[in-house]
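Shown next, in structure tokens, is the structure this report addresses.
In full-length UniProt numbering, the protein residues as written are 1 to 258.
Dropping the structure here:
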């Protein structure tokens, strides 16, 4: 039987230690990000530059919305290394096992890694949307639906990035996998060029790419179609759940170093 004193403890008393540990881990991870801000700045600026360069091309084959969603998908996929590299560095430094030896729980460790990366991805996507609206006049009639779609997309990428960070054995391997798979999924998914102008075999293979569902979800959200947005979000969510489960199993093994 649970003692009355334990059963009736206030909420803040029960969860204060968890919040303190999480805050300490967040400070540690934010410090690592601040020491090398260059990669993060490039991930925020490059989508805007490429959108400005390619937007005139999309006037002949599509719309500003297609150009913007293409940049959102491509550079978000290329940014999966944000959390992947954070996990890989801990494994390379042999500090992941030490973190598990602290009072911090595995969920707290992963959450502290994920939150800064999630904030960066959300900021990147928001900047592309704001740039497209302010500079090119892209209509934004359903901001809440678009925000929900972006939140789902970024969460899925975090799960995939965590899985990559738990599997690869070096930064070079992580960079290679990210670049090759990211660009392949982006191109095959119709993010760079509309699927209507691509070869038939590419259109047939497109549904196998996460980029295809991400592009469809974001464009459906911009068009104000909750049904299509939810369908594509469900597919991406299933992918995210699988990646999260595999990453969690890998990172909770007793031997997680490289």
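Every residue gets a Cβ at the ideal spot worked out from N, C-alpha and C, and that includes glycine.
Residue 85 has its alpha-carbon roughly 9 angstroms from the corresponding atom of residue 170. If the five residues before and after residue 68 are omitted, its C-beta is found closer than 7 angstroms to the C-beta atoms of 51, 128, 129, 132, 138, all from its own chain and listed in chain order.
Shown here, residue 187 sits in a helix according to DSSP, grouped into three states.
A distance of 9 angstroms or more separates the beta carbons of residue 165 and residue 190. Judged by DSSP in its simplified three-state form, residue 56 adopts helix. In this structure residue 232 is buried. Its beta-carbon is surrounded by 16 or more other beta-carbon atoms within 10 angstroms.
Where residue 142 is concerned, there is no enclosing alpha helix (DSSP H), because DSSP gives it neither an H nor an E.
Annotation for residue 224: no alpha helix (DSSP H) segment contains it, and DSSP assigns it neither H nor E.
For a cut-off of 8 angstroms, the C-beta gap from residue 186 to residue 77 is around 6 angstroms, short enough to register as a contact. For residue 229, the three-state secondary structure derived from DSSP is helix. Judged by DSSP secondary structure, residue 66 falls within the alpha helix (DSSP H) whose first and last residues are 64 to 77. For the set 75, 247, 114, the Cα lying nearest the Cα of residue 126 is the one of 75.
About 5 angstroms separates the CB atoms of residue 112 and residue 26; that is less than 8 angstroms, so the two are in contact. Annotation: residue 170 is outside any alpha helix (DSSP H) and is labelled neither H nor E by DSSP. Rounded to whole angstroms, the Cβ separation of residue 162 and residue 247 is 4 angstroms, and the two are in contact under 8 angstroms.
With respect to residue 33, residue 40 sits close: the two C-beta atoms are nearer than 9 angstroms.
In the DSSP annotation of this structure, the continuous segment of the alpha helix (DSSP H) that includes residue 90 starts and ends at 81 to 92. In the DSSP assignment, residue 205 falls within the unbroken alpha helix (DSSP H) covering 200 to 205. DSSP places residue 37 outside both helix and strand once states are collapsed to three, so it counts as coil. The residue from 83, 65, 172, 38 with its alpha-carbon nearest to that of residue 134 is 65. When only Cα atoms are considered, residue 30 and residue 70 end up about 29 angstroms apart.
A Cβ-Cβ separation of about 24 angstroms leaves residue 153 out of contact with residue 204 under the 8 angstroms criterion.
In the structure shown, the three-state DSSP call for residue 209 is coil. Looking only at 24, 54, 80, the smallest Cα-Cα distance to residue 109 is reached by 24. For residue 89, the closest alpha carbon among the candidates 173, 56, 159 is that of 173.
Only residues of its own chain outside the window of five on either side were considered, and among them 108 have a CB closer than 7 angstroms to the CB of residue 18, listed in chain order. Relative to residue 44, the option among 224, 141, 124, 167 whose CA is nearest is 124.
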